[in-house]
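First the structure, in the form of structure tokens, and then the observations on it.
Protein chains: 2
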Amino acid sequence: MVTAEASQERADSRRKRLRLIEAARSAIAEHGLQASTTDIVERAEVGVGTLYRRFGSKEALVADVLIDGLAEIQTWADAALIDADPWAALSGFLYAFTEAQLANLGLAEFTSGQARELPPEVAEHGSLLAAAIDRLVRRAQEHGSLRADVTWRDLVLISIAPIGGEECLGATRGENQWRRTITIALDGLRAPAASALPPE
Amino acid sequence: MVTAEASQERADSRRKRLRLIEAARSAIAEHGLQASTTDIVERAEVGVGTLYRRFGSKEALVADVLIDGLAEIQTWADAALIDADPWAALSGFLYAFTEAQLANLGLAEFTSGQARELPPEVAEHGSLLAAAIDRLVRRAQEHGSLRADVTWRDLVLISIAPIGGEECLGATRGENQWRRTITIALDGLRAPAASALPPE
DNA sequence: CAGTAACGGAGAGCATCTCTCCGTTCGGAG
DNA sequence: CTCCGAACGGAGAGATGCTCTCCGTTACTG
């Protein structure tokens, strides 16, 4: 998405297109998928007209940015799948996935299903990622380190668990607060399970 | 808050005031703290004027509703504190607290600090509740059933963990999905701890 | 240098929200 | 039952914020 086909794109045009994508990424990370076009073009230091000439709609730009983010996480999941230690691969991926969502509110909104009316292409990338997480889960279960009764859905839910608690009950949110939550959950994910899970 | 001092309030006036509070409760539960006045008065089947004559502002009505909700949860925490089994008391409270927030989006927003510009009275009720949860945590730790390195903050973060995942990655959200997440977390909270938590 | 692709940003047009104002209704005391 | 004023309903003022279009201006490139 970020890479363009080597057409006769004018140099300034290309520069501003890349600036727009980067600006959209940071605006969406901070304010979520409904970050305003005004916010995006101010960060990019371009006019609104430029955004609409290049992308046609705000939705198309948002989709580009989301797909970029999902593709990056996909590479992490794929790398984890060839890690020698299935438990370390799973837990490392879980920390990274959570951190990515904490750093990018838009991504967290997509993961938790709050996204509205996105192009089907985005959903496809989401499904690919879900499949990779499913493989990670099964591999760790076959290895015997992950409790047998969890599914990829449980993993994804745990990954977004710390999102809502960013600034909680007046607490000065520490850098490490989310790591504590994930660590507790990972302890609960270890085999053997201490108690039975309710059915899905 | 719901109960009025026995003044010479006209019967119809009292009826509509109670209807407004109940309507606000359900609107806030469904749409969060920024539920619109229009939504509230339609549920209550009264005019907007009635809302503003009785409560002065939307914010005052929202605060009333929030305080009611917090007070109810406070009674659960207080009851848990005199339960004979500290672990059962803690885990039972955690399930109930989470369920209450799932059933009331506004409450979840307040807990996770997304509330803006609420009267200080609401924050005071939040602090009272936090103190009660702190006592629940310490009691279970002294009893030896809860790992020693968690705090009330960890508990609150876990309680709001399932909120974001209501409808996740296209999954048809099951009634029990949140219970699975909480159960996994509780298994991770049991003493002895499998791994050390990062410092707060 | 000329031609034209790309640009900037004012503002149209729409949606939505809170709160006010005032003519109307109706509860309840005498 | 009558009557008075407390309580009511809801149109709409006024504010904000959003996406997207249009067109005069700028500046890249052959």
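Residue numbers (the UniProt record's numbering), protein chains in the order written: chain A, 1 to 200; chain B, 1 to 200.
Quick reminder that beta carbons are idealized off the backbone N, C-alpha and C, glycines included.
Task: Same chain, Cβ closer than 6 Å to B:M1, five either side skipped, listed in chain order - done: What you label residue 1 of chain B is simply residue 1 of the second sequence in a count that begins at 1. Residue placement at B:M1 is poorly supported in this model, since its pLDDT is 44, which falls under 50; the coordinates still yield a value, given next. Correct list, in chain order: D64, I67, D68.
TODO: Would you please state the rounded distance, in angstroms, between the beta carbons of B:A24 and B:L61? I believe it to be under 8 Å.
DONE: Your numbering for residue 24 of chain B matches position 24 in the second sequence. Your numbering for residue 61 of chain B matches position 61 in the second sequence. Yes, they are in contact, since the Cβ atoms of B:A24 and B:L61 sit about 5 Å apart, within 8 Å.
Open item on the list: Let's test the definition: count the other Cβ atoms within 10 Å of the Cβ of B:A88 and tell me whether it reaches 16, buried, or not, exposed.
Closed with: As a first step, residue 88 of chain B must be located in the second sequence, where it is residue number 88. Exposed, since its Cβ has fewer than 16 Cβ neighbours within 10 Å.
TODO: Examine chain B for any beta-carbon lying closer than 8 Å to the beta-carbon of A:N104, and answer yes or no.
DONE: In the first sequence, counting from the first residue as 1, residue 104 of chain A sits at position 104. Not closer than 8 Å to any Cβ of chain B, the Cβ of A:N104 fails to qualify, so no.
Open item on the list: Which residues of the region 179-192 of chain B have a Cβ closer than 8 Å to any Cβ of chain A? Give them in chain order.
Closed with: R179, R180, T181, T183, I184, A185, L186, D187, G188, L189, R190
TODO: Would you check if there are 3 or more beta carbon pairs closer than 8 Å linking the region 11-31 of chain A to the region 48-62 of chain A?
DONE: Touching, yes.
Open item on the list: For a minimum of 4 consecutive residues, which ranges assigned as the alpha helix (DSSP H) are wholly contained in the region 75-114 of chain A?
Closed with: With a minimum length of 4 residues, the unbroken runs of alpha helix (DSSP H) contained wholly in the region 75-114 of chain A fall at 86-103, 105-111.
- [ ] Examine chain A for any beta-carbon lying closer than 8 Å to the beta-carbon of B:A4, and answer yes or no.
- [x] As a first step, residue 4 of chain B is located in the second sequence; it is residue number 4 there, counting from the start. Model confidence at B:A4 stands at a pLDDT of 40, short of 50, so the residue's coordinates are unreliable; what they give is reported in the following sentence. Answer no: the Cβ-Cβ gap between B:A4 and chain A never drops below 8 Å.
- [ ] Indicate whether A:P198 and B:R139 have their beta-carbon atoms separated by less than 8 Å.
- [x] Position 198 of the first sequence, counted from the first residue, corresponds to residue 198 of chain A. Position 139 of the second sequence, counted from the first residue, corresponds to residue 139 of chain B. Result no, Cβ atoms of A:P198 and B:R139 do not sit closer than 8 Å.
Open item on the list: What does the alpha-carbon distance come out to for the pair A:A44 and B:R116?
Closed with: Here residue 44 of chain A corresponds to residue number 44 of the first sequence, with the count starting at 1. Here residue 116 of chain B corresponds to residue number 116 of the second sequence, with the count starting at 1. Using only the alpha carbons, I get a separation of about 29 Å.
TODO: Please work out which residues of its chain come closer than 6 Å, Cβ to Cβ, to B:S36, disregarding the five sequence neighbours upstream and downstream, and give them in chain order.
DONE: Start at 1 with the first residue of the second sequence, and residue 36 of chain B comes out as number 36. So the list is empty, once near-sequence residues are dropped.
Task: Test: A:V150 CB closer than 8 Å to a CB of chain B - done: Walking along the first sequence from the start, residue 150 of chain A turns up at place 150. When Cβ-Cβ separations below 8 Å define contact, A:V150 makes contact with chain B.
- [ ] Would you mind stating whether A:G188 and B:G188 have Cβ atoms separated by less than 8 Å?
- [x] As a working note, residue 188 of chain A is residue 188 in the first sequence. As a working note, residue 188 of chain B is residue 188 in the second sequence. Yes, Cβ-Cβ distance for A:G188 and B:G188 is below 8 Å.
Open item on the list: Suppose you measure from the CA of B:V41 to the CA of B:V48; what does that come to, to the nearest Å?
Closed with: For the purposes of this step, residue 41 of chain B is taken as residue 41 along the second sequence, with counting starting at 1. For the purposes of this step, residue 48 of chain B is taken as residue 48 along the second sequence, with counting starting at 1. Cα to Cα, the separation comes out at about 6 Å.
Task: Proximal residues to B:A193 (C-beta, below 7 Å), its chain only, five neighbours per side dropped - done: As a working note, residue 193 of chain B is residue 193 in the second sequence. Taken in chain order, the residues that qualify are R147, D149.
Open item on the list: Using C-beta distances below 8 Å, list every residue in its chain close to residue 201 of chain B, excluding the 5 sequence neighbours before and after it, in chain order.
Closed with: Shown here, chain B extends from 1 to 200; a query on residue 201 of chain B therefore has no answer.
Open item on the list: Can you tell me which residues form a DSSP beta bridge with B:L70?
Closed with: Here the question's residue 70 of chain B lines up with position 70 in the second sequence. Looking at the DSSP assignment, B:L70 forms no beta bridge with any residue, so it has no partner.
Open item on the list: From the DSSP secondary-structure annotation, give me the bridge partner or partners of B:L146.
Closed with: Within the second sequence, residue 146 of chain B is the residue found at index 146, counting from 1. B:L146 pairs with B:R190.
Open item on the list: I'd like the list of long-range same chain contacts for B:Q101, defined as Cβ closer than 7 Å, with 5 residues on each side in sequence excluded.
Closed with: Taking the first residue of the second sequence as 1, we reach residue 101 of chain B at position 101. Cβ neighbours of B:Q101 within its own chain (closer than 7 Å, five residues either side excluded): L107, A108, T111, S159, I160, I163.
TODO: Could you check the C-alpha separation between A:V122 and A:G113 for me, to the nearest Å?
DONE: Indexing the first sequence from 1 puts residue 122 of chain A at position 122. Indexing the first sequence from 1 puts residue 113 of chain A at position 113. Those two C-alpha atoms are separated by around 12 Å.
Task: Residue-chain proximity (A:P199, chain B), Cβ-Cβ < 8 Å - done: By one-based count along the first sequence, residue 199 of chain A stands at place 199. By this cut-off, A:P199 is an interface position.
Task: Neighbour flag for A:D154 against chain B, beta carbons, 8 Å - done: Residue mapping note: residue 154 of chain A aligns to position 154 of the first sequence, counting from 1. A:D154 counts as touching chain B.
Open item on the list: Just checking: is the beta-carbon of A:S195 within a distance shorter than 8 Å of some beta-carbon in chain B?
Closed with: For the purposes of this step, residue 195 of chain A is taken as the residue at position 195 of the first sequence. Yes, because at least one Cβ of chain B sits closer than 8 Å to the Cβ of A:S195.
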